[in-house]
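Asker:
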Amino acid sequence: MQRFIFLYITFAFLILSNFCNAKNYNPDSLLYVLHTVKQPSEQIIILNMLANAQLKSDPLLAYNYAEQALFLSESINNISGKANSKLNLALFYNENNESQKALNLLLEARGEFLKISDDLGLAKTDLELGKVYQGKFEYEKALDVLYQAKDLFKELKKDKELAETNNFIGGSYYDQENYDKAFEYFQNSLVIWEKTWQ
C-alpha cells in the first residue's frame, strides 16, 4: 500500500511539474529583444533567459547563451548576471551527468546570490544543490539545502517551487528508507499542487 501511494504521488507530481515547466516566453522573441538592447546589463538578462528557455530543447545552445552571459557579466562585474549564468551552466552540466562541475558552479552561484541578498536565486540554487547531493547519495547535505530552499520558497510564496522542493525532500527520505517522512513530504507536495490548480 505504501509503495502504491508513493508511486501515485510521484506520478502526479511529474505530470504537473512537466506541464508547469513549459516556458512562458518565446526564444525567437527573446532573440529579437537581444538584438535591440544596447546595455550589457540588459543583454545579460536576455542571454540568461534564453539559456533557461533552451535548456531542455537545445542544451548546447543553452550552454552557449549562458557562457556569453557569464563572459559579459565578468567583464562588467555584474554579480546578478554571474550568479544566474553559473546557475544555468550548472543546470546544463547536471543534465549531462557532470555532477562535480555542476556542484562547483552551484556553490559559486550561491555565494554570488548571497552577496546581493537574492533570496529567489538562493532558493533555486539550494534546490539544485539538493538534487546534485541527492544524486551523489549525500543525503544529509541534500536535506540541509533542500530545507533551506523550502523555507525561502514558502516565504516568497513560490508554490510550484515549494511543491518541487517538498517532492525532493520526500525523495531523499525515501532513498534512505525513511518511508514515513517520505510519505509526509510527498503528501505535502501533492497538497500544494492541488491548491495551485484549484
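Whatever position you read off the sequence shown (first residue = 1), add 7 for this note's numbering. Heads up, the beta-carbon is just placed ideally off N, CA and C, and yes, glycines get one too.
Answer yes or no: do tyrosine 177 and glutamine 141 have a C-beta to C-beta separation smaller than 8 Å?
Answerer: Within the sequence shown, numbered from 1, the residue matching residue 177 stands at position 170. Within the sequence shown, numbered from 1, the residue matching residue 141 stands at position 134. Per the sequence shown, the amino acid found at residue 177 is glycine instead of tyrosine. No, they are not a contact pair.
Asker: Roughly how many angstroms lie between the CA atoms of lysine 167 and serine 196, to the nearest whole one?
Answerer: For the purposes of this step, residue 167 is taken as the residue at position 160 of the sequence shown. For the purposes of this step, residue 196 is taken as the residue at position 189 of the sequence shown. One C-alpha to the other measures close to 9 Å.
Asker: Is leucine 77 helix, strand or coil by DSSP?
Answerer: Looking up residue 77 in the sequence shown gives position 70. Helix at leucine 77.
Asker: Candidates Tyr154, Glu145, Tyr180: which alpha carbon is nearest threonine 132's?
Answerer: Within the sequence shown, the letter at position 125 stands for residue 132. A check of alpha carbon separations from threonine 132 across Tyr154, Glu145, Tyr180 identifies Tyr154 as the nearest.
Asker: Between lysine 108 and the rest of its own chain, which residues show a CB-CB distance below 6 Å, the 5 nearest in sequence each way excluded?
Answerer: Along the sequence shown, one-based indexing puts residue 108 at 101. Take lysine 108, set aside five residues on each side of it, and the residues of its chain with a beta-carbon closer than 6 Å to its own are Tyr100, in chain order.
Asker: For phenylalanine 175, collect the residues of the same chain with a Cβ closer than 8 Å to its Cβ; drop the 5 residues on either side in sequence, then sort them by chain order.
Answerer: In the sequence shown, the residue the question calls residue 175 occupies position 168. The residues are Leu134, Gly137, Lys138, Gln141, Ala149, Leu153.
Asker: Quick check on this structure: which residue in Gly128, Leu62, Glu184, Tyr186 has the alpha carbon closest to the alpha carbon of leucine 98?
Answerer: Position 91 of the sequence shown holds residue 98. Checking every option, the nearest Cα to that of leucine 98 belongs to Leu62.
Asker: Taking CB distances under 8 Å as the criterion, tell me whether phenylalanine 160 reaches chain D.
Answerer: No chain D is present in this structure, which holds just one protein chain.
Asker: Would isoleucine 53 pass as a contact of leucine 67 if the rule is Cβ separation under 8 Å?
Answerer: Locating residue 53 in the sequence shown gives position 46, where the first residue counts as 1. Locating residue 67 in the sequence shown gives position 60, where the first residue counts as 1. No, the pair does not count as a contact, with Cβ atoms beyond the cut-off.
Asker: Starting from lysine 45 and walking both ways along the alpha helix (DSSP H), at which residues does that stretch end?
Answerer: For the purposes of this step, residue 45 is taken as residue 38 along the sequence shown, with counting starting at 1. No alpha helix (DSSP H) holds lysine 45; DSSP gives it neither H nor E.
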